[in-house]
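**Student:** Number 322 marks the last residue of the sequence shown (UniProt numbering); no jumps. Positions of the beta carbon are idealized from the N, C-alpha and C atoms, including for glycine.
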Amino acid sequence: MKWIVLILVVLLILIVAVSVYAANFFLNVALFRDNNWYDKTGHKMMNPDNFNKGKSQYDLTEEQQIQQGDLFWQEAFAKDHWVEKDGEKLYSRLIRPHPESKKWVICVHGYRSYGKRDMAYVASRFSEQQYNILVPDLRAHGKSTGNVIGMGWLDRLDLLIWIQEVLVIEPAAEIILFGGSMGAATVMMTSGESLPDNIKGLVVDCGYSSVYSEFGAMLQSAFKLPAFPILTIADGLAKKKVGYSLKEASSVAQLAKNDLPTLFIHGTGDKFVPHQMLYENMEATNGVKESLIIEKAPHLSSFIYEPEHYFDTVFEFVHRYC
1 MKWIVLILVV LLILIVAVSV YAANFFLNVA LFRDNNWYDK TGHKMMNPDN FNKGKSQYDL
61 TEEQQIQQGD LFWQEAFAKD HWVEKDGEKL YSRLIRPHPE SKKWVICVHG YRSYGKRDMA
121 YVASRFSEQQ YNILVPDLRA HGKSTGNVIG MGWLDRLDLL IWIQEVLVIE PAAEIILFGG
181 SMGAATVMMT SGESLPDNIK GLVVDCGYSS VYSEFGAMLQ SAFKLPAFPI LTIADGLAKK
241 KVGYSLKEAS SVAQLAKNDL PTLFIHGTGD KFVPHQMLYE NMEATNGVKE SLIIEKAPHL
301 SSFIYEPEHY FDTVFEFVHR YC
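1. Count the CB pairs spanning the segment 197 to 207 and the segment 170 to 182 that are closer than 8 Å, and state whether there are at least three.
2. Verify whether the separation of the beta carbon atoms of Tyr310 and Ser302 is less than 7 Å.
3. Between which two residues does the alpha helix (DSSP H) containing Pro307 stretch?
4. What is the DSSP secondary structure of Gly152, counted as helix, strand or coil?
5. To the nearest angstrom, how far is the alpha carbon of Leu165 from that of His81?
6. Any idea if His109 is buried or exposed, counting beta-carbon neighbours within 10 angstroms, 16 or more meaning buried?
7. On a CA-only basis, which of Asn36, Gln254, Glu100, Gln65 is nearest residue 323? Give me that one, please.
8. Can you tell me which of the three DSSP states Ala140 falls into?
9. For Phe51, count neighbouring Cβ atoms within 10 angstroms of its own Cβ and tell me buried if that reaches 16, exposed if not.
10. Would Thr41 be called buried (16 or more neighbouring beta carbons within 10 Å of its own) or exposed?
11. Provide the residue span of the alpha helix (DSSP H) that contains Ala256, from first to last.
12. Would you check if the segment 95 to 113 and the segment 131 to 149 touch, i.e. whether three or more CB-CB distances between them fall below 8 Å?
13. Please go through the same chain and pick out, in chain order, the residues whose beta-carbon is closer than 7 Å to the beta-carbon of Tyr111, but skip the five residues on each side of it.
14. Determine the direct distance from the alpha carbon of Ile294 to that of Tyr305, and round the result to whole angstroms.
15. Which value, in whole angstroms, describes the spacing of the CA atoms of Phe126 and Tyr114?
16. Specify the secondary structure class of His299 as computed by DSSP and reduced to three states.
17. Rounded to the nearest angstrom, how far is the Cβ of Glu202 from that of Leu260, given a contact under 8 Å?
18. Exposed or buried, Pro226, counting other C-beta atoms within 10 Å across all chains shown (16 or more means buried)?
19. Report buried or exposed for His299, applying the criterion of at least 16 other Cβ atoms within 10 angstroms of its Cβ.
20. Which residue wins for smallest C-alpha separation from Asn286, given the options Glu316, Phe215, Gly192?
21. Tell me the DSSP secondary structure of Ala217 in three-state form.
22. Whose C-beta lies closer than 6 Å to the C-beta of Tyr212 among residues of the same chain, with five residues either side of it excluded?
23. Express the C-alpha separation of Leu94 and Phe32 in angstroms, rounding to a whole number.
24. By the DSSP assignment, the beta strand (DSSP E) with Gly201 in it spans what residues?
25. Less than 7 Å between the beta carbons of Asp155 and Leu138, yes or no?
26. Mind reading off the beta-carbon distance from Ala238 to Gly269? Whole number of angstroms is fine, and I expect it under 8 Å.
27. Taking all protein chains shown into account, do 16 or more other C-beta atoms lie within 10 angstroms of the C-beta of His319, making it buried, or fewer, making it exposed?
28. How many angstroms separate the CA atom of Lys241 from the CA atom of Glu308?
29. Taking Ile149 as the reference, which of Met218, Asn35, Asp59 has the closest Cα?
30. Under the rule that 16 or more other beta-carbon atoms within 10 Å means buried, what is Phe228, buried or exposed?
31. Just tell me which of Gly142, Pro136, Val168, Ile169 has its CA closest to the CA of Leu157.
32. Throw me the rounded Cβ distance for the Asp205 and Ile163 pair, which I believe falls under 8 Å.
33. In the structure shown, what three-state DSSP assignment does Asp235 receive?
34. Tell me, which residues are paired with Thr61 by DSSP?
35. Quick check on Asn281: buried or exposed, where buried means 16 or more other Cβ atoms within 10 Å of its Cβ?
Structure representation (structure tokens):
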């Protein structure tokens, strides 16, 4: 009997030790910019669709969209715009093709990406609807400085600053917040803050319900590891390591305070953010809400799979409610 108890104790100690190690490893690779494991290994594990490119109709569409976005990004009416906060320099691209227009959109990119990559084409489509555009690089991404990745929670405070930057340029601006992936989570998390009346609506594409839930999904799908106890330990460590807990970084909790019209978009082929999270987010919000589901579209690819249906839906929603 004593040997059985001893073996169980040893096993428990091993499980705890391995779980603590796994939790530390996961936080370090997920939430620190200077850890390059994600670029070398993790990205392919977590979002394999980005590495299965060929010459399908969708790949050709994506190439055309990238070209259009690149050309738009370099237009004479676009310029770099910087702000400083907490000792960091935060970058954005300010694109103002319609100086007389009061319509603005702030387009927010995804995890470990940057504004031009994810949002240049989206910005060009909004310009066709007479919008001026601000596209930030979130801190610890792109040209912005910083090392801690905010997963939308810290970024919601930076988005409040970008909103004020637009209002300095145009005090009467009518602003749409558009986000993809972590950018969608940023927008949803910002929606629970005290926002100026200038914010008229939200468009969120493939955003997660909370950082805790998203990391749990990644542990199971990419790492083949159980969320418990690793994620429980990681949540306890995160506050000290990055300044926020994984559970408090919740789109659902913030959307519960949101009354703005919100369009939720997701592709059913998303392997990075489970598309079922769309329903959790929709259920949470209090404002007018609609959804757009694109069958078989991978992560942040709905506007590649069905571009005209996608943008027709976006602008019909915006024109109706915002």
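**Tutor:** So, to answer that:
1. Enough Cβ pairs lie closer than 8 Å, so yes.
2. What you label residue 310 is simply residue 310 of the sequence shown in a count that begins at 1. What you label residue 302 is simply residue 302 of the sequence shown in a count that begins at 1. Going by C-beta atoms, Tyr310 is nearer than 7 Å to Ser302.
3. The sequence position of residue 307 within the sequence shown is 307, counting from 1. Taken as a continuous stretch (DSSP letters only), the alpha helix (DSSP H) holding Pro307 covers 307 to 321.
4. Looking up residue 152 in the sequence shown gives position 152. Coil, per DSSP.
5. Walking along the sequence shown from the start, residue 165 turns up at place 165. Walking along the sequence shown from the start, residue 81 turns up at place 81. The question names Leu, but residue 165 is Glu in the sequence shown. Distance between the alpha carbons of Glu165 and His81 is about 9 Å.
6. Locating residue 109 in the sequence shown gives position 109, counting from the first residue. With 16 or more Cβ atoms within 10 Å of its Cβ, His109 is classed as buried.
7. Outside the shown range of the chain (1 to 322) lies residue 323, about which nothing can therefore be said.
8. Locating residue 140 in the sequence shown gives position 140, counting from the first residue. Judged by DSSP in its simplified three-state form, Ala140 adopts coil rather than helix or strand.
9. Indexing the sequence shown from 1 puts residue 51 at position 51. That one is exposed.
10. As a working note, residue 41 is residue 41 in the sequence shown. Thr41 comes out exposed.
11. Along the sequence shown, read from residue 1 onward, the residue named residue 256 stands at position 256. Note, Ala256: premise wrong, no alpha helix (DSSP H); not H, not E.
12. Yes, the segment 131 to 149 touches the segment 95 to 113.
13. Looking up residue 111 in the sequence shown gives position 111. Result list for Tyr111: Ser181, Met182, in chain order.
14. Taking the sequence shown and counting its residues from 1, one reaches residue 305 at position 305. Taking the sequence shown and counting its residues from 1, one reaches residue 294 at position 294. The alpha-carbon of Tyr305 is positioned some 8 Å away from that of Ile294.
15. Position 126 of the sequence shown, counted from the first residue, corresponds to residue 126. Position 114 of the sequence shown, counted from the first residue, corresponds to residue 114. CA-to-CA, the gap between Phe126 and Tyr114 works out to about 18 Å.
16. The residue given as residue 299 occupies position 299 in the sequence shown. Judged by DSSP in its simplified three-state form, His299 adopts coil rather than helix or strand.
17. Here residue 202 refers to the residue found at position 202 when the sequence shown is read from its first residue. Here residue 260 refers to the residue found at position 260 when the sequence shown is read from its first residue. Residue 202 is actually Leu in this sequence, not Glu. Rounded, the Cβ-Cβ distance is 6 Å, consistent with contact.
18. In the sequence shown, residue 226 corresponds to position 226, counting from 1. The residue in question, Pro226, is exposed, as its Cβ has fewer than 16 Cβ neighbours within 10 Å.
19. Taking the sequence shown and counting its residues from 1, one reaches residue 299 at position 299. That one is buried.
20. If you number the sequence shown from 1, residue 286 lands on position 286. Ranking Glu316, Phe215, Gly192 by Cα distance to Asn286 puts Gly192 first.
21. Looking up residue 217 in the sequence shown gives position 217. DSSP places Ala217 in helix when its eight states are reduced to three.
22. Numbered from 1 along the sequence shown, position 212 holds the residue referred to as residue 212. The residues are Leu246, Lys247.
23. In the sequence shown, residue 32 corresponds to position 32, counting from 1. In the sequence shown, residue 94 corresponds to position 94, counting from 1. Between Phe32 and Leu94, the C-alpha separation is close to 27 Å.
24. One-based indexing of the sequence shown puts residue 201 at position 201. Counting along the chain, the beta strand (DSSP E) containing Gly201 begins and ends at 199 to 205.
25. As a position in the sequence shown, residue 155 is number 155, starting the count at 1. As a position in the sequence shown, residue 138 is number 138, starting the count at 1. Leu138 sits close to Asp155, with the two beta carbons spaced by under 7 Å.
26. Residue mapping note: residue 238 aligns to position 238 of the sequence shown, counting from 1. Residue mapping note: residue 269 aligns to position 269 of the sequence shown, counting from 1. The C-beta distance from Ala238 to Gly269 rounds to 30 Å, too long to meet the 8 Å contact threshold.
27. As a first step, residue 319 is located in the sequence shown; it is residue number 319 there, counting from the start. Looking at its Cβ environment, which holds fewer than 16 other Cβ atoms inside 10 Å, His319 is exposed.
28. Locating residue 241 in the sequence shown gives position 241, where the first residue counts as 1. Locating residue 308 in the sequence shown gives position 308, where the first residue counts as 1. So the alpha carbons of these two residues sit roughly 43 Å apart.
29. As a working note, residue 149 is residue 149 in the sequence shown. If you compare the alpha carbons of Met218, Asn35, Asp59 with that of Ile149, the shortest gap goes to Asn35.
30. Your numbering for residue 228 matches position 228 in the sequence shown. Flag for Phe228 reads exposed.
31. Position 157 of the sequence shown holds residue 157. Closest by C-alpha distance to Leu157, out of Gly142, Pro136, Val168, Ile169, is Pro136.
32. Here residue 205 refers to the residue found at position 205 when the sequence shown is read from its first residue. Here residue 163 refers to the residue found at position 163 when the sequence shown is read from its first residue. Going by Cβ atoms, the distance from Asp205 to Ile163 rounds to 19 Å, so no, they are not a contact pair.
33. Here residue 235 refers to the residue found at position 235 of the sequence shown. It is helical.
34. Reading the sequence shown from its first residue, position 61 is the one you call residue 61. Thr61 pairs with nothing; no bridge assigned.
35. In the sequence shown, counting from the first residue as 1, residue 281 sits at position 281. Buried is the call here.
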